[in-house]
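146 is the number that numbering that gives the first Met the number 0 gives to position 147 of the sequence shown; each next residue is one higher, with no gaps.
Cβ atoms here follow ideal geometry from the backbone N, Cα and C, with glycine treated the same way.
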Amino acid sequence: MASETLPCQVAHLSLNTGSDVAVEAWTPIPLRLWFWIPLVLIMALGAVAFELVLYTNKRTLGWATRGRITTEQGVMHFLYTFPPVAISMGFSALWAWTDIEIRKLQVSHNTLWVWFKAWRNRHCMVTSASILVILTFSFQPLSAALFSVQEVWWTEPDISVAAFLTAAGYASANVLYNIGDPRFTHQGWVIGEFEVPNISNGTVYLNTTAVLTEPRCVSMTLLPNNTGWQNMASFEGCPFTWDVDLAPINLFGVGPIPDSEECSHLTSIPLQYRPILFWFFTYEPQPMSSISMCTPTLSLWNVEATLDLATHSLTDVKAVSPFIPSLLSTQPVSSDLSRLAGNITGYPLNGRAYNGLFFDLTVNASDPYVNSRLAAIQLALPAAVFQAAVSSEEGLTGVVPGGDFVELANRVYGMYLSLLARTVYFLDYSKPITVRVKTIHKRLFLSDLAVHLLAVVMLILSIGGTVLQLAHRHARRRLPLAHPPGTIASALSLAGRGDVMNVLVGTQKRAEMKAVLEGKTFGLGYENGTKTMTLVQERDSVYARKEGKRKRGDSLVTGWVKRSKGS
Numbered sequence: 000m001a002s003e004t005l006p007c008q009v010a011h012l013s014l015n016t017g018s019d020v021a022v023e024a025w026t027p028i029p030l031r032l033w034f035w036i037p038l039v040l041i042m043a044l045g046a047v048a049f050e051l052v053l054y055t056n057k058r059t060l061g062w063a064t065r066g067r068i069t070t071e072q073g074v075m076h077f078l079y080t081f082p083p084v085a086i087s088m089g090f091s092a093l094w095a096w097t098d099i100e101i102r103k104l105q106v107s108h109n110t111l112w113v114w115f116k117a118w119r120n121r122h123c124m125v126t127s128a129s130i131l132v133i134l135t136f137s138f139q140p141l142s143a144a145l146f147s148v149q150e151v152w153w154t155e156p157d158i159s160v161a162a163f164l165t166a167a168g169y170a171s172a173n174v175l176y177n178i179g180d181p182r183f184t185h186q187g188w189v190i191g192e193f194e195v196p197n198i199s200n201g202t203v204y205l206n207t208t209a210v211l212t213e214p215r216c217v218s219m220t221l222l223p224n225n226t227g228w229q230n231m232a233s234f235e236g237c238p239f240t241w242d243v244d245l246a247p248i249n250l251f252g253v254g255p256i257p258d259s260e261e262c263s264h265l266t267s268i269p270l271q272y273r274p275i276l277f278w279f280f281t282y283e284p285q286p287m288s289s290i291s292m293c294t295p296t297l298s299l300w301n302v303e304a305t306l307d308l309a310t311h312s313l314t315d316v317k318a319v320s321p322f323i324p325s326l327l328s329t330q331p332v333s334s335d336l337s338r339l340a341g342n343i344t345g346y347p348l349n350g351r352a353y354n355g356l357f358f359d360l361t362v363n364a365s366d367p368y369v370n371s372r373l374a375a376i377q378l379a380l381p382a383a384v385f386q387a388a389v390s391s392e393e394g395l396t397g398v399v400p401g402g403d404f405v406e407l408a409n410r411v412y413g414m415y416l417s418l419l420a421r422t423v424y425f426l427d428y429s430k431p432i433t434v435r436v437k438t439i440h441k442r443l444f445l446s447d448l449a450v451h452l453l454a455v456v457m458l459i460l461s462i463g464g465t466v467l468q469l470a471h472r473h474a475r476r477r478l479p480l481a482h483p484p485g486t487i488a489s490a491l492s493l494a495g496r497g498d499v500m501n502v503l504v505g506t507q508k509r510a511e512m513k514a515v516l517e518g519k520t521f522g523l524g525y526e527n528g529t530k531t532m533t534l535v536q537e538r539d540s541v542y543a544r545k546e547g548k549r550k551r552g553d554s555l556v557t558g559w560v561k562r563s564k565g566s
């Protein structure tokens with residue numbers, strides 16, 4: 000029996016006793032119902048739980064971390080990576096224990112190769128148990144790779160801050176130092192200033208109301224027959240003349256649209272809202288001039304604004320819809336700020352933008368301080384545009400003939416109008432507004448690959464373990480053992496009497512035992528019709544009589560036969 004190659008199927012040992020043996024059999028703990036049923040259920044439920052937790056982890060962009068857990072060295076990193084490894088080692092030990100108890104009836108081999116030896120001997124259950132244990136070897140590396148800390152763009156809970164309005168200006172300084180838009184302004188958009196959350200790094204998102212100011216500068220047509228000292232230009236039939244002298248090499252200035260019949264369509268509005276003209280002149284390398292007309296406008300919008308917390312600068316403003324003040328809208332008031340916009344869209348501005356350079360000074364016309372400040376503004380702005388031309392890649396000689404003064408005027412004058420909007424068009428007003436803060440957080444993520452592989456291994460262990468336990472339970476139901484295999488008690492109860500003792504009488508040395516046992520085969524059976532299970536020689540045992548009729552190998556007893564034969 001021991002040397003035959005039998006089909007790989009599990010069968011039980013048939014004993015010619017007329018009925019099942021009523022012997023209280025010893026069962027290893029890992030093969031008892033109360034042990035293996037919870038184990039395979041934990042494997043199955045654990046696989047499902049892993050996939051659900053992975054889904055939740057990805058949906059919530061990881062789990063929050065604190066302190067040194069985000070570092071790749073130190074105690075905290077060890078503390079959050081060790082528990083999965085420790086738990087996986089515990090489950091590996093339970094499956095290894097199960098495999099050990101199943102293999103106690105088999106010839107001892109190395110754990111990694113016992114499945115191959117068992118397969119060659121058609122011991123299917125031992126093969127299955129060994130393969131399942133080998134699968135548990137993957138628990139430790141997969142558990143160690145289960146967690147990773149990643150930086151994500153995280154949205155903080157909405158918070159309330161108090162809005163207030165202030166103003167500042169530095170258009171000329173921006174030309175020299177390129178310091179960018181001031182706080183709460185971005186490319187002509189101006190929003191009300193608010194208290195920025197005290198977070199060092201991140202982005203604030205908010206829905207608010209913004210003022211959009213646009214310079215709308217265009218080139219005027221230079222008229223021919225200019226002498227160089229007297230220059231003329233025209234736009235839509237409106238002429239403008241400016242005189243220069245030979246003293247300086249470069250000249251620049253600003254002026255309003257003149258009062259004339261030709262310009263009546265542009266001068267019908269007060270001086271402070273009227274379009275203005277930036278003109279420039281240079282004698283080098285030859286006399287050249289350029290002039291731009293700017294018509295400032297303003298409009299109110301509902302916007303989505305983005306502010307960088309590191310620099311407190313607006314990085315993006317997206318228009319959502321035009322802002323309609325409550326006095327003009329038939330819709331319910333959506334914001335308390337809407338009722339404050341009437342002095343911009345209604346009287347006295349009526350939706351017009353200040354040009355910021357000329358004013359109707361009927362009251363303070365003789366005030367030297369007012370006139371001095373006005374003169375400084377009228378000098379600073381064209382000087383800033385001129386400086387931008389000098390600092391450009393083309394230089395002054397490339398900007399003047401190329402007509403690029405329009406672009407420079409739009410940039411410099413546009414920033415000035417934005418700063419003017421912060422100062423003039425906004426009021427001090429305290430009102431809670433809601434902002435959303437997004438910042439870079441280090442959060443704990445589950446590895447997709449590790450979770451999927453662990454789930455697959457756990458499902459295989461659950462299904463394979465269930466099949467193995469049921470098959471093993473069926474196979475050993477007529478194999479009652481009074482004591483655990485491998486113990487002295489088991490050896491005495493199985494081999495302490497009967498054929499084995501008779502054969503080995505008088506032998507002591509290994510060589511003598513091998514010579515005596517050569518050619519003999521022993522198996523588990525009931526000697527001489529008794530109900531005491533022992534090792535019997537096949538020539539006179541029930542086992543021997545049934546051997547000729549068996550077509551399937553018994554994986555539980557074959558190992559004992561191999562151990563007894565010729566050893």
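Environment of residue i [buried if 16+ CB atoms lie within 10 Å]
i           : result
residue 413 : buried
residue 536 : buried
residue 517 : exposed
residue 92  : exposed
residue 192 : buried
residue 89  : exposed
residue 219 : buried
residue 436 : buried
residue 56  : buried
residue 400 : exposed
residue 197 : exposed
residue 186 : exposed
residue 292 : buried
Helix, strand or coil at residue i [DSSP, three-state]
i           : result
residue 259 : coil
residue 358 : coil
residue 471 : helix
residue 63  : strand
residue 291 : strand
residue 373 : helix
residue 484 : coil
residue 309 : coil
residue 239 : strand
residue 501 : helix
residue 541 : In this predicted model, residue 541 has a pLDDT of only 45, less than 50, meaning its place in the structure is not dependable; the value taken from the coordinates is given anyway. Here residue 541 sits in helix by DSSP.
residue 271 : helix
residue 122 : coil
residue 352 : coil
residue 533 : strand
Pairwise C-alpha distance: residue j and residue i
i           : j           : result
residue 446 : residue 418 : 50 Å
residue 476 : residue 442 : 53 Å
residue 389 : residue 398 : 8 Å
residue 145 : residue 45  : 14 Å
residue 233 : residue 261 : 10 Å
residue 508 : residue 514 : 10 Å
residue 131 : residue 491 : 33 Å
residue 604 : residue 415 : Because the chain in this structure spans residues 0 to 566, residue 604 falls outside the shown range and cannot be described.
residue 628 : residue 274 : Residue 628 lies beyond the stretch modelled for the chain, which goes from 0 to 566, so this question has no answer here.
residue 127 : residue 489 : 26 Å
residue 123 : residue 129 : 10 Å
residue 420 : residue 210 : 7 Å
residue 238 : residue 367 : 31 Å
residue 278 : residue 203 : 41 Å
residue 266 : residue 255 : 9 Å
Residue i beta carbon near the ligand ATP (any heavy atom closer than 7 Å)
i           : result
residue 231 : With respect to the ligand ATP, the structure shown offers nothing to examine, as it has no ligands at all.
Cβ-Cβ separation, residue j to residue i (assumed contact under 8 Å), whole Å
i           : j           : result
residue 313 : residue 42  : Rounded, the Cβ-Cβ distance is 55 Å, inconsistent with contact.
residue 38  : residue 464 : 7 Å
residue 386 : residue 253 : In fact, because the Cβ distance is near 14 Å, the residues do not count as touching under 8 Å.
residue 188 : residue 319 : About 12 Å separates the two Cβ atoms, so there is no contact after all.
residue 201 : residue 308 : 4 Å
residue 343 : residue 424 : 6 Å
residue 411 : residue 448 : Contact flag wrong, Cβ pair sits at about 56 Å.
residue 297 : residue 352 : 4 Å
residue 249 : residue 281 : 5 Å
residue 141 : residue 458 : Incorrect: roughly 14 Å between the Cβ atoms, too far for contact.
residue 85  : residue 205 : That pair is no contact at about 46 Å.
residue 295 : residue 354 : 5 Å
Below-8 Å beta-carbon distance, residue i vs any chain B residue
i           : result
residue 310 : No chain B is part of this structure, which consists of one protein chain only.
| field | In chain order, each beta strand (DSSP E) run of at least 3 residues that lies wholly inside the segment 395 to 468 | value | Within the segment 395 to 468, the complete beta strand (DSSP E) runs of at least 3 residues are 431 to 445.
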